[in-house]
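Asker: Next up is a structure, given as structure tokens.
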Amino acid sequence: MNLTDTHSHLYDEAFDNDREEAFARAAAEGVRRLLLPAIDSESHGRLFDLCRRHPDRCIPMMGLHPTSVNDNPRWREELALVKHYLQRPPEGIPPFCAVGEIGLDLYWSRDFREEQTEAFRRQIELALQYGLPIAVHTRDAWPETVDLIRTFRGRGLRGVFHAFSDGIETYRELKACGEFLFGVGGVVTYKKSRLAEVVCEMELRDLVLETDCPYLTPVPHRGERNESAYIRYVCEKVAERKGLSPEEVAEATTANAERLFGGTFPAKNAESSPSEP
Numbered sequence: 019m020n021l022t023d024t025h026s027h028l029y030d031e032a033f034d035n036d037r038e039e040a041f042a043r044a045a046a047e048g049v050r051r052l053l054l055p056a057i058d059s060e061s062h063g064r065l066f067d068l069c070r071r072h073p074d075r076c077i078p079m080m081g082l083h084p085t086s087v088n089d090n091p092r093w094r095e096e097l098a099l100v101k102h103y104l105q106r107p108p109e110g111i112p113p114f115c116a117v118g119e120i121g122l123d124l125y126w127s128r129d130f131r132e133e134q135t136e137a138f139r140r141q142i143e144l145a146l147q148y149g150l151p152i153a154v155h156t157r158d159a160w161p162e163t164v165d166l167i168r169t170f171r172g173r174g175l176r177g178v179f180h181a182f183s184d185g186i187e188t189y190r191e192l193k194a195c196g197e198f199l200f201g202v203g204g205v206v207t208y209k210k211s212r213l214a215e216v217v218c219e220m221e222l223r224d225l226v227l228e229t230d231c232p233y234l235t236p237v238p239h240r241g242e243r244n245e246s247a248y249i250r251y252v253c254e255k256v257a258e259r260k261g262l263s264p265e266e267v268a269e270a271t272t273a274n275a276e277r278l279f280g281g282t283f284p285a286k287n288a289e290s291s292p293s294e295p
């Protein structure tokens with residue numbers, strides 16, 4: 019299969035003991051590309067190192083995660099660093115494919131809503147300035163996210179809503195605001211998952227697959243560390259819900275990712291064999 023994991027944290031410390039093995043397992047499952055969202059400066063080094071080791075398959079994003087704004091007196095310095103890297107990317111890595119992951123996360127606290135909103139807006143403006151899509155993290159903040167995205171309608175904003183978890187009406191509202199895709203991950207495999215029902219009503223051309231590893235592990239590995247190889251279970255569940263073959267879903271969702279992230283993907287002739295460790 020030709021799979022793309024559009025949201026992987028393979029550079030996370032959870033993989034420090036077997037990162038290359040996890041990468042190889044993903045390749046063996048047909049995962050040809052991993053898109054790697056940034057969190058904050060504490061993990062930039064690991065992110066860039068992985069992209070330098072596998073520049074044909076590991077593609078970075080650059081952004082400041084909303085929870086890295088919370089209770090952080092230096093969050094504006096972190097934003098300045100995001101802008102710096104977008105202006106002058108580090109040597110030896112592929113071009114950034116998106117500004118992400120950015121957004122609103124009010125699950126842990128609503129005390130930093132104003133700061134998160136400012137950071138989100140400023141990074142959207144950076145995405146528009148550099149002609150990049152955004153990768154949006156939203157948790158317990160869907161109404162606030164929709165309201166903010168609506169203010170950018172008509173400006174050419176595009177991107178992906180990572181780990182989409184709201185209903186069909188939110189999906190439709192966001193689609194009306196720009197060229198947006200919706201990331202489906204392990205939650206779709208959970209018993210009585212609301213997402214599994216919503217996916218049935220969503221258009222296949224609007225979906226991309228993701229793992230968010232090491233988080234949100236799909237069945238049958240729920241409770242274990244997630245990894246990009248497990249995207250096959252997400253693909254199989256979406257195929258089941260849509261009445262399609264896994265191969266059809268893999269091809270369609272990879273084509274969707276290529277359509278959104280476009281020229282930031284490496285040349286296709288780089289896909290013929292995995293990178294050497």
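So the sequence shown is numbered by this note's numbering: it starts at 19 and just counts up by one.
Note that the Cβ used here is the ideal one computed from N, Cα and C, for glycine as well.
1) Bridge partners of arginine 51, per DSSP?
2) Buried or exposed, going by whether 16 or more other CB atoms sit within 10 Å of the CB of proline 55?
3) State buried or exposed for alanine 116, treating a residue as buried only when at least 16 other CB atoms are found within 10 Å of its CB.
4) Out of curiosity, what's the CA-to-CA distance linking glutamate 143 and valine 154?
5) Which stretch, first to last residue, makes up the beta strand (DSSP E) that contains phenylalanine 138?
6) Would you mind reading off the limits of the alpha helix (DSSP H) that contains phenylalanine 279?
7) Can you give the Cα-Cα distance for isoleucine 111 and isoleucine 77, rounded to whole angstroms?
8) Roughly how many angstroms separate the alpha carbons of glutamate 38 and glycine 172, rounded to a whole number?
9) Considering only the alpha carbon of each residue, which of Gly203, Leu124, Ala46 and Glu221 lies closest to aspartate 23?
10) Which two residues bound the contiguous beta strand (DSSP E) that contains phenylalanine 179?
11) Could you tell me which residues DSSP puts in a beta bridge with leucine 227?
12) Roughly how many whole angstroms lie between the Cα atoms of aspartate 129 and threonine 163?
13) Can you tell me whether glycine 201 is buried or exposed, with buried defined as 16 or more other CB within 10 angstroms of its CB?
Answerer: Let me spell this out:
1) On the sequence shown, position 33 is the one that residue 51 refers to. According to DSSP, which records beta bridges pairwise, arginine 51 is partnered with Thr22.
2) As a first step, residue 55 must be located in the sequence shown, where it is residue number 37. Under this definition proline 55 is a buried residue.
3) Taking the first residue of the sequence shown as 1, we reach residue 116 at position 98. By the 10 Å Cβ count, alanine 116 comes out buried.
4) Taking the first residue of the sequence shown as 1, we reach residue 143 at position 125. Taking the first residue of the sequence shown as 1, we reach residue 154 at position 136. Approximately 14 Å between the Cα atoms of the pair.
5) Along the sequence shown, read from residue 1 onward, the residue named residue 138 stands at position 120. Here phenylalanine 138 belongs to no beta strand (DSSP E); instead the alpha helix (DSSP H) covers 131–148.
6) Locating residue 279 in the sequence shown gives position 261, where the first residue counts as 1. In the DSSP annotation of this structure, the continuous segment of the alpha helix (DSSP H) that includes phenylalanine 279 starts and ends at 264–279.
7) If you number the sequence shown from 1, residue 111 lands on position 93. If you number the sequence shown from 1, residue 77 lands on position 59. Rounded to the nearest angstrom, the two C-alpha atoms are 8 Å apart.
8) Sequence index remark: in the sequence shown, residue 38 carries index 20 (1-based). Sequence index remark: in the sequence shown, residue 172 carries index 154 (1-based). Each residue's CA atom was taken as its position, placing glutamate 38 and glycine 172 some 43 Å apart.
9) Walking along the sequence shown from the start, residue 23 turns up at place 5. Nearest option by C-alpha distance: Gly203.
10) Indexing the sequence shown from 1 puts residue 179 at position 161. Here the beta strand (DSSP E) through phenylalanine 179 covers 176–179.
11) Counting from one through the sequence shown, the residue named residue 227 turns up at place 209. Checking the DSSP bridge columns, you'll see leucine 227 partnered with Val202.
12) For the purposes of this step, residue 129 is taken as the residue at position 111 of the sequence shown. For the purposes of this step, residue 163 is taken as the residue at position 145 of the sequence shown. Distance between the alpha carbons of aspartate 129 and threonine 163 is about 16 Å.
13) Here residue 201 refers to the residue found at position 183 when the sequence shown is read from its first residue. Classification of glycine 201: buried, given that the 10 Å Cβ count is 16 or more.
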